[in-house]
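If you're matching positions, the sequence shown starts at 1 in the UniProt record's numbering and goes up one per residue.
Below: the structure, in C-alpha cells.
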Amino acid sequence: MVNEDVFTVLAERTRREILTALQKSDKAVGELVEELGASQPTVSKHLRVLREAGLVSMRAEGQRRFYKLVPAPLATVADWLEDFGVATPGWSLTASEAQGVNAGLTGARHPASASTAPANFESPEVEDPESMPQQIGRSVGRAATKAADLIANLPKFGRRKETQN
Numbered sequence: 001m002v003n004e005d006v007f008t009v010l011a012e013r014t015r016r017e018i019l020t021a022l023q024k025s026d027k028a029v030g031e032l033v034e035e036l037g038a039s040q041p042t043v044s045k046h047l048r049v050l051r052e053a054g055l056v057s058m059r060a061e062g063q064r065r066f067y068k069l070v071p072a073p074l075a076t077v078a079d080w081l082e083d084f085g086v087a088t089p090g091w092s093l094t095a096s097e098a099q100g101v102n103a104g105l106t107g108a109r110h111p112a113s114a115s116t117a118p119a120n121f122e123s124p125e126v127e128d129p130e131s132m133p134q135q136i137g138r139s140v141g142r143a144a145t146k147a148a149d150l151i152a153n154l155p156k157f158g159r160r161k162e163t164q165n
C-alpha cells in the first residue's frame, strides 16, 4: 500500500520548494525564509509537517534550528512511479554523487533502474550537473501533484449513514 501521507505532504508546492532548498545542505529556518521569500510562520508550519512525515530532520544549535533532507520516505514515491513505468534514475543520489555519475556515465543507464527500465531507455544527458537536484525536485514535485490528484479523485470509502425511520 502506498503511504498516502508522503503524497499528501508533497502535494503542497511550498513543501516541495523547501525539500529542493535542502537538497544541497542543511539550512536554518531563517535561511529558508530568505530563500523562499515566505514568512517565518509559514516556513515553520511546513517544516513541522515535513518533519512529522519523516522527510526532514531537525537539530538545534543554540537558538537556531537546522533542517536536513531525509530522502528515505521519497522511496515510496519512486516505487509507486516505477509501477507506471516512470523511470526515476538517480533519485537517491546526493548532488555530489549525481555529479560523479553524470561525469563518468553520461548516457548510460542508472544501475538501480536498469532492471526495470525499458530496453530502449537511455538516461538523459545533463548539461549542467549543478541543476540535477533541481530537475529531480521538479520531477518529484510533478509526480507528487499527479499522485495527489489521483488520490483526491479516488472514491471515498466509508460507512453509510444509517437513515432513521
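Glycine included, C-beta positions come from ideal geometry on N, C-alpha and C.
By the 10 Å Cβ neighbour count, where 16 or more other Cβ atoms means buried, how is T116 classified, buried or exposed?
Numbered from its first residue, the sequence shown carries residue 116 at position 116. Unreliable positioning characterises T116 in this predicted model, as indicated by a pLDDT of 45, which lies under 50. The coordinate reading is nonetheless provided below. Exposed, by the Cβ-count rule.
N-terminal and C-terminal residue of the beta strand (DSSP E) that V56 is part of
Here residue 56 corresponds to residue number 56 of the sequence shown, with the count starting at 1. That run of the beta strand (DSSP E) goes 56–61.
Residues of its chain near N120, where Cβ-Cβ distance is below 6 angstroms and the 5 sequence neighbours each way are ignored
Counted from its first residue, the sequence shown places residue 120 at position 120. Because N120 sits at a pLDDT of 49, beneath the cut-off of 50, its placement in the model cannot be relied upon, and the following sentence gives the value as read from the coordinates. If we look at N120 and ignore the five residues flanking it on each side, it has no Cβ neighbours.
Neighbour-count burial assignment, F84, 16 or more Cβ in a 10 Å radius
Here residue 84 corresponds to residue number 84 of the sequence shown, with the count starting at 1. It counts as exposed.
With a threshold of 7 angstroms on Cβ separation, who are the neighbours of residue 170 within its own chain once the five nearest residues in sequence on each side are excluded?
Since the displayed the chain opens at 1 and closes at 165, residue 170 lies outside it and no answer follows.
Per DSSP, what kind of secondary structure is L32 in: helix, strand or coil?
If you number the sequence shown from 1, residue 32 lands on position 32. L32: helix per DSSP, three-state reduction.
Output yes or no for whether 7 angstroms exceeds the beta carbon distance between V6 and P71.
Reading the sequence shown from its first residue, position 6 is the one you call residue 6. Reading the sequence shown from its first residue, position 71 is the one you call residue 71. Contact flag unset, no.
Are the beta-carbon atoms of A28 and R64 separated by less than 7 angstroms?
Start at 1 with the first residue of the sequence shown, and residue 28 comes out as number 28. Start at 1 with the first residue of the sequence shown, and residue 64 comes out as number 64. Closer than 7 angstroms, so yes.
Please name the residue or residues paired with K68 in a DSSP beta bridge.
Numbered from its first residue, the sequence shown carries residue 68 at position 68. Answer is S57, bridged to K68.
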